[in-house]
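To start, the structure under review is shown below, and the notes come after it.
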Ligand code: UDP
Ligand code: MG
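Numbering (my numbering), first residue to last: 985 to 1304.
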């Protein structure tokens, strides 16, 4: 029997929380016998420093509902950190954890399929939106451009997957080895390796309340997604510096040619060339310094180099 923990980060979710608790409890009632889950499976709500009645609702339900557990963070630390807090909390008391947003925009029924994949040996199962019709045009456009851009920068991420996923205990333990502060789980988790699968579902509209991802949080999140995985922007700066130097060499030929023909006023040639050459050298130098800063940045993260997926221990003595 496997014990499941459902992890739900909540920030000012009083408008949806009661109905979320109800839906998830019903789902557990159904799944426990159907998927042979341990009856102590539970839902862990992580209150990310809410200023409304979120925590009161969690604590009230904790008294009456056997599935409801909660942790309250001291302040608002953001969705990704709240998620990590929840996963780390469950690490020692479950066999697998599924994270889902409090507004249940992601279809909770997909959990059943996730568990089937877990039973077939997957350590990570990603929930993937099969369409984004319920998102506004702005959100859809910005998100999809971002995914493409990330891929161009060489970052591995699952297209249209948000943080709705199942992770086995082994994968959560691996995740706990990452010490970095600048978190982008959607990029980090695929980079760990481990056997995975995707399940597809339709994303719904938020049932109540408003999105807690303000444009500012969204931009910060997108920047984290790029800068915490790729130092390619630095290489682009170096490349553009080199390009400028090449341009200046071409300009050198051209301006000498015009000078010889006597077409230019005195001083133009040297001015033109110094602007380009100095510009090129400066850009390239900034890029080179940036490369070292980037290396230092990567080293300071102290990311684990690998994870062991399976181990074969010594052959049994009885076998010989
Ligand atoms: N959230 C959080 N801390 C924050 C912002 C959001 O824990 O600072 C939670 C929020 O309660 C929800 C999830 O993150 O469970 C996703 O937020 P939301 O549904 O508002 O984002 P959207 O679906 O609009 O991207
Ligand atoms: Mg939402």
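Don't be surprised by glycine CBs; every beta carbon is placed ideally from N, CA and C.
- Taking the Cα positions, residue 1045 is about 6 Å away from residue 1052.
- In this structure, residue 1057 lies away from residue 1040, with their beta-carbon atoms at least 8 Å apart.
- The alpha carbon of residue 1028 has as its nearest neighbour, out of 1258, 992, 1009, 1017, the alpha carbon of 992.
- With the criterion CB distance below 7 Å from any heavy atom of the ligand MG, the matching residues run 1085, 1087, 1089, 1190, 1195 along the chain.
- Note that the C-beta distance between residue 1196 and residue 996 is below 8 Å.
- In this structure, residue 1117 has its beta carbon at no less than 7 Å from each heavy atom of the ligand UDP.
- Where residue 1227 is concerned, the enclosing alpha helix (DSSP H) starts and stops at 1216-1244.
- The continuous stretches of alpha helix (DSSP H) do not include residue 988, which lies in the beta strand (DSSP E) extending over residues 988-994.
- Annotated three-state conformation of residue 1084 is coil, per DSSP.
- The beta-carbon separation of residue 1188 and residue 1089, rounded to 5 Å, stays under the 8 Å limit for a contact.
- Between residue 1140 and residue 1175, the CB-CB gap stays under 8 Å.
- Under DSSP, residue 1121 forms no beta bridge with any residue.
- Per the C-alpha coordinates, the member of 1170, 1066, 1216 positioned closest to residue 1276 is 1216.
- By the Cβ rule, the stretch 1073-1093 does not count as touching the stretch 1124-1134, because fewer than three pairs are nearer than 8 Å.
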